[in-house]
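Novice:
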Amino acid sequence: MAATLGSRKRKIDRTVRMTVFLIGVLVLISSVVTSVLAVRRGRVDAQDHALDVTLGRQVEALQNYFERARAIDAVLADNPVFSDYYAAPATPAKLRRVNEALGYLETLFPGRIGEACFIDSSGTEIARVVDSTPAGPDDLSRDEDDNAFFAPTLALEPGQVYQAKEYESTDTHNAVISNSTTVRAAGHTGIVHFEIALDSFRMAGTTGSIAASIVDAQTGHVLVDTRTGSIPAALPPGAGDHGVTTLGGRRIAYQRIHATRGNANDWYLAVSAPAFGRGWTHGLSIGSLALLLGALLIILISAVSGWRYLTAVRRSATYDRLTGLPNRTLLADRLGAALDGGQRAAVLLFDLQGFKDVNDLLGTRHGDLLLTQVARRLSAAVPSGALLARVGADDFAVLLPGGDLAGAHRVADDLLQVLRPAFTLGDVSLDVEVSAGIAAGPGHGDDAETLLRHAGSALQLATEQATGVHEYEPGQDADPAHRLQLLADLRRALDTDDQLTVHYQPKIELDGERVAGVEALIRWEHPDRGRIPPDSFIPIAETTSLIHPLTTRVLEIAVRQAAAWRRDGRLLPVAVNLSTRCLLNPSFPDQIFQLLRSYDVPAAVLELEVTESLVMTDPERCLAVLHALHAGGIRLSVDDFGTGHSSMSYLQRLPVDELKIDKSFVQGMATSHGDAVLVRTAVSLGHNLGLSVVAEGVEDATAVAALRELGCDIAQGYHYARPMPAADFDRWHAAFLGKQAADLQVAQ
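Each step along the sequence shown adds one to the number in the numbering used here, with nothing skipped, and position 73 is 93.
1. Give the secondary structure of residue 654 by DSSP, where H, G and I count as helix, E and B as strand, and everything else as coil.
2. From which residue to which residue does the beta strand (DSSP E) around residue 294 run?
3. Which residues share a DSSP beta bridge with residue 274?
4. Does the beta-carbon distance from residue 489 to residue 432 come in below 8 Å?
5. Along the chain, where does the beta strand (DSSP E) containing residue 708 start, and where does it finish?
6. Nearest to residue 377 by CA position, among 278, 712, 695, 541, is which residue?
7. With C-beta atoms as the reference, is residue 734 less than 8 Å away from residue 766?
8. Roughly how far, in whole angstroms, is the beta-carbon of residue 213 from the beta-carbon of residue 92, given that I think they are within contact range, below 8 Å?
9. Return the residue from the list 161, 134, 166 that minimises the CA-CA distance to residue 153.
10. Roughly how many angstroms lie between the CA atoms of residue 461 and residue 759, to the nearest whole one?
11. Return the CA-CA distance between residue 396 and residue 234, expressed in angstroms with no decimal places.
12. Considering only C-alpha positions, which residue in the set 530, 340, 230 is nearest to residue 294?
13. As an exercise, report each continuous alpha helix (DSSP H) stretch of at least 4 residues that is fully enclosed by the region 170-195, in chain order.
14. Which class does residue 640 belong to by DSSP, given the choice of helix, strand or coil?
15. In angstroms, rounded to a whole number, what distance separates the CA positions of residue 148 and residue 194?
16. Check this for me: beta carbons of residue 656 and residue 676, under 8 Å apart or not?
17. In three-state terms, what does DSSP make of residue 119?
18. Quick one: any contact between the region 75-83 and the region 285-292, if contact means 3 or more CB pairs under 8 Å?
19. Leaving aside the five residues before and after residue 469 along the sequence, list all residues of the same chain whose C-beta is less than 8 Å from its C-beta, in chain order.
20. How would you label residue 692, buried or exposed, when you count the other beta carbons within 10 angstroms and need 16 or more for buried?
21. From the DSSP output, which residues share a beta bridge with residue 736?
22. Taking only three categories from DSSP, how would you classify residue 283?
23. For residue 150, count neighbouring Cβ atoms within 10 angstroms of its own Cβ and tell me buried if that reaches 16, exposed if not.
24. Verify whether the separation of the beta carbon atoms of residue 263 and residue 274 is less than 8 Å.
25. Around the Cβ of residue 729, are there at least 16 other Cβ atoms within 10 angstroms (buried) or fewer (exposed)?
26. Considering only the alpha carbon of each residue, which of 731, 708, 738, 701 lies closest to residue 719?
27. Could you tell me whether the Cβ atoms of residue 579 and residue 524 are closer together than 8 Å?
28. Just to confirm my understanding: we take residue 126, look at its own chain, exclude 5 residues before and 5 after, and list those with CB closer than 7 Å. What are they?
29. Distance, Cα to Cα, residue 575 vs residue 521?
30. Taking the beta strand (DSSP E) that residue 560 falls in, what are its first and last residues?
31. Less than 6 Å between C-beta atoms, sequence neighbours within five positions excluded: which residues of the same chain meet that for residue 448?
32. My guess is that residue 776 and residue 409 are in contact by the Cβ rule of under 8 Å, so how many angstroms apart are they, rounded?
33. Can you give the beta carbon distance from residue 442 to residue 450, rounded, assuming they're within the 8 Å contact cut?
34. At 4 residues or longer, what runs of the alpha helix (DSSP H) sit wholly inside the region 563-645?
35. With DSSP collapsed to three states, give me the class of residue 490.
36. Which word fits residue 157, buried or exposed, when buried means at least 16 other C-beta atoms lie within 10 angstroms of its C-beta?
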């Protein structure tokens, strides 16, 4: 009996132990499956997010691509050579100018244009250019009206552009997208048409395993594919305009771009990457030691994967994805730890001047390439023990634990020297100006936030004063108190007659070396701080109502001086820069005309300069003011051309007489191929729009010779003269005229 009871007890114990074991295995397996699925879901979500971000960039890039093509076609069609062609009689010279205008397309859209042509309303080609080569009369088509773009283009309103559905070009045999618009003159209607090869679309941002494709939404035909076979099949029926799906082992994010009246292309943009597998939990079954070992292995794998994932998440929170450098968060943590521990620490902040222009003019791909090259150069040059971080879009920082101001200056000079050679961005060579700000703790701040803010203040002063490196100085930082003090000082300066003056810099005609006019530039001599650079107070004044009396002061001094020169027999045009607030004031033109009448100065003597970015703040209101000024006879100029954000269509709408190329491109054209191309293109564009072209920042005879060869009209810069007071300008002008007279006598 006792044996039986013992046997039963042992049997119950074994059953209990087995039950507990099985429950443990089930819990283990449940934990494994839950962990695996959670990690997998997190990775899928992260992949979907990355695909969606890349897709958004692709959609934006393609829309910008279409918009640029439309703008270029509209500008080309507005060229008077096309409308002049219809004025009888047609001559070989007119046809040659038409071919030259078509060939000019390749400079506006380099490497993209397949062919460009001018077509009559009957469908007969008047001219065609392929690869810069005009077609002969026997090669011109007479049945262009059979093409899909012909009828829809003729149906458009003037100034609109039609982009046809892709087709195979009869000349290049490539799949192309056509861009067409009408030219109407003398009772005739023609079409300006050019083709862009589909394979020229740049699908940027598709790195690693991510591929991008363009798919015809109607046929499912793959038009462009950065990796063959990345889209294995057409998107499923009812896919909708935007979504994420899995097809053929790839995870695909897609967005539809519908056809419009001006664009017949109905496309899906898709980006894809290999999909995560679904068999991670296969082989998991209950009841065997093999299962338990497998479960333990999976737990180990899951733990490792989870650790890696969490490590990546933590790293993404403290490291910059593009450059791989620590970010501002990690820098602030390390800086705070050093200061909290009683250590000295120095912070250097570096800013890339003109980085936004690189993004705007060359594209974000070139901007990213520049940032990675800067990061590599700095990483190779920072001293041992220092921490290099990317702390902003174009800002880098170096933390020197235990560093002092003297050591920080040495490091800053060394790093600026490393960044001085030109950067090669694809086929563009680019010189980048860099400024640096320095702050050291605990003297300049005993916590990370304060020290970084003071380093930023020093960086701002280095940028404004073009000093290269600036050390933080208490009382000179651009904090709110400093800003308010500067505004108060400027308000007092406007109430006096001796602080704010105007200097004049001559503008010289390159054909004949005559003085074409002067530019009036504000100068502020502070009674305590000395000369304050315009870049230090004008941007602050523009954010307040002080910009109105400041602009009025410059205009009144400039017009009064122009009147004095006129009484002396010198009709010298005077140029003055305008602010955004002036162009947003509808009564501004009346104020200007009243000022001119009060000094008996003709409107043509005054020239007002505006920037591209200034007009883009509120295009319609600004254009209304500009048209009123121009209608009254005042000359208008686009200043700092190439550094703004205007589209070609807006530039065409501006009632301007002159285009000024920014000095950064003029000074860089001797050493930078990219700057030289931009200057040449700007001169050609300005002349095609009927504008006079001025080059700023001309500092030597080499630049003068290069600009004269390009056909530039006017030069301005230190090669001729620095900005100077009116009395000094009068002496300079007399000497200049005397030298001209002497040179003329010698020549005779």
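Cβ coordinates follow ideal geometry from the N, Cα and C atoms, glycine included.
All values derive from a computational prediction rather than experimental measurement.
Specialist: On the basis of the coordinates in this document:
1. To locate residue 654, count along the sequence shown from 1; it is residue 634. Residue 654: coil per DSSP, three-state reduction.
2. Within the sequence shown, residue 294 is the residue found at index 274, counting from 1. 287-294 is the extent of the beta strand (DSSP E) around residue 294.
3. Residue numbering aside, residue 274 sits at position 254 when the sequence shown is read from its first letter. Residue 274 pairs with 263, 290.
4. Reading the sequence shown from its first residue, position 469 is the one you call residue 489. Reading the sequence shown from its first residue, position 412 is the one you call residue 432. Cβ atoms of residue 489 and residue 432: closer than 8 Å.
5. Residue numbering aside, residue 708 sits at position 688 when the sequence shown is read from its first letter. Counting along the chain, residue 708 falls outside any beta strand (DSSP E), though it belongs to the alpha helix (DSSP H) covering 693-708.
6. Counted from its first residue, the sequence shown places residue 377 at position 357. Nearest option by C-alpha distance: 695.
7. For the purposes of this step, residue 734 is taken as residue 714 along the sequence shown, with counting starting at 1. For the purposes of this step, residue 766 is taken as residue 746 along the sequence shown, with counting starting at 1. Cβ atoms of residue 734 and residue 766: not closer than 8 Å.
8. Within the sequence shown, numbered from 1, the residue matching residue 213 stands at position 193. Within the sequence shown, numbered from 1, the residue matching residue 92 stands at position 72. Actually they do not touch by this definition, with Cβ atoms about 12 Å apart.
9. Working through the sequence shown from its first residue, we reach residue 153 at position 133. Nearest of 161, 134, 166 to residue 153, Cα basis: 134.
10. Against the sequence shown, residue 461 aligns to sequence position 441. Against the sequence shown, residue 759 aligns to sequence position 739. Near 58 Å, if we compare the C-alpha coordinates of residue 759 and residue 461.
11. Translated into the one-based positions of the sequence shown, residue 396 becomes position 376. Translated into the one-based positions of the sequence shown, residue 234 becomes position 214. Cα to Cα, the separation comes out at about 34 Å.
12. Residue 294 sits at position 274 when you count from the first residue of the sequence shown. Of 530, 340, 230, the residue nearest in Cα terms is 230.
13. 170-174
14. Within the sequence shown, numbered from 1, the residue matching residue 640 stands at position 620. Residue 640 falls in the helix class under three-state DSSP.
15. As a first step, residue 148 is located in the sequence shown; it is residue number 128 there, counting from the start. As a first step, residue 194 is located in the sequence shown; it is residue number 174 there, counting from the start. Each residue's Cα considered, the two are about 17 Å apart.
16. The residue you call residue 656 lines up with position 636 of the sequence shown. The residue you call residue 676 lines up with position 656 of the sequence shown. Going by C-beta atoms, residue 656 is nearer than 8 Å to residue 676.
17. Working through the sequence shown from its first residue, we reach residue 119 at position 99. Here residue 119 sits in helix by DSSP.
18. yes
19. Taking the sequence shown and counting its residues from 1, one reaches residue 469 at position 449. These residues qualify, in order along the chain: 352.
20. Taking the sequence shown and counting its residues from 1, the one referred to as residue 692 is at position 672. Result: buried.
21. Sequence index remark: in the sequence shown, residue 736 carries index 716 (1-based). Paired residue(s): 716.
22. One-based indexing of the sequence shown puts residue 283 at position 263. Correct three-state label for residue 283: strand.
23. Here residue 150 refers to the residue found at position 130 when the sequence shown is read from its first residue. Classification for residue 150: buried.
24. On the sequence shown, residue 263 is found 243 positions in, with the first residue counted as 1. On the sequence shown, residue 274 is found 254 positions in, with the first residue counted as 1. Yes.
25. Mapped onto the sequence shown, residue 729 falls at position 709. So residue 729 ends up on the exposed side.
26. The sequence position of residue 719 within the sequence shown is 699, counting from 1. Closest by alpha carbon: 738.
27. Numbered from 1 along the sequence shown, position 559 holds the residue referred to as residue 579. Numbered from 1 along the sequence shown, position 504 holds the residue referred to as residue 524. It is not a contact, given that the beta carbons lie outside the stated cut-off.
28. Numbered from its first residue, the sequence shown carries residue 126 at position 106. The residues are 133, 152.
29. In the sequence shown, counting from the first residue as 1, residue 575 sits at position 555. In the sequence shown, counting from the first residue as 1, residue 521 sits at position 501. One C-alpha to the other measures close to 11 Å.
30. Reading the sequence shown from its first residue, position 540 is the one you call residue 560. Segment 554-562 is the alpha helix (DSSP H) holding residue 560; no beta strand (DSSP E) there.
31. Mapped onto the sequence shown, residue 448 falls at position 428. Here the set comprises 694.
32. With the chain covering only 21 through 768, there is no way to say anything about residue 776.
33. The residue given as residue 442 occupies position 422 in the sequence shown. The residue given as residue 450 occupies position 430 in the sequence shown. About 6 Å; that satisfies the 8 Å criterion.
34. 567-587, 600-603, 608-618, 632-636
35. Here residue 490 corresponds to residue number 470 of the sequence shown, with the count starting at 1. Here residue 490 sits in strand by DSSP.
36. Residue 157 sits at position 137 when you count from the first residue of the sequence shown. So residue 157 ends up on the exposed side.
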